[in-house]
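Undergrad: Residue numbers (our numbering): 117 to 215.
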Amino acid sequence: MVRHASPVKSPAVRAAVTVMLTVAILGALWVPIYARVLPMRGDFPFFYWYQLILVPVTAILCWISYLLLRARPAPRARPAPRAGSAPRAGSRHARGARR
């Protein structure tokens with residue numbers, strides 16, 4: 117039977133994810149931050165290059181949040197050696213038998 121790691125994360129991880137996603141959402145929804153023309157970069161007003169920067173930043177923040185919250189499967193237990201099988205050359209049992 118496969119057992120998965122507990123999906124419960126520490127409060128610090130949850131707080132970090134909450135802050136990252138809040139920054140990403142408020143960066144787009146708080147319009148007074150970017151509702152202006154100046155400064156301009158070339159022919160682009162501030163509004164456009166702010167949005168062009170915000171999209172990859174939001175994607176990176178979402179990816180980091182996913183990595184922090186994903187559940188990892190529990191490590192598999194090593195199978196017990198079969199009865200009557202000879203120990204392998206590099207195993208502890210084989211080294212102990214030589215002593």
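Ideal Cβ positions, reconstructed from N, Cα and C, are used throughout, including at glycine.
Looking only at its own chain, which residues have a Cβ that is under 6 Å from the Cβ of L184, when we skip the five neighbours before and after it?
TA: Answer for L184: V129 and V133, listed in chain order.
Undergrad: Are A131 and T174 closer than 8 Å when you measure CB to CB?
TA: Taking 8 Å as the Cβ cut-off, A131 and T174 do not qualify as a contacting pair.
Undergrad: Could you give the DSSP three-state label for R157: helix, strand or coil?
TA: R157: strand per DSSP, three-state reduction.
Undergrad: Go ahead and label L168 buried or exposed: buried means 16 or more other beta carbons lie within 10 angstroms of its beta carbon, across all protein chains shown.
TA: Burial call: exposed.
Undergrad: DSSP three-state label for W146, please.
TA: DSSP places W146 in coil when its eight states are reduced to three.
Undergrad: Buried or exposed for L142, please, with buried defined as at least 16 other CB atoms from any protein chain shown within 10 angstroms of its CB.
TA: By the neighbour-count rule (16 or more Cβ atoms within 10 Å), L142 is not buried but exposed.
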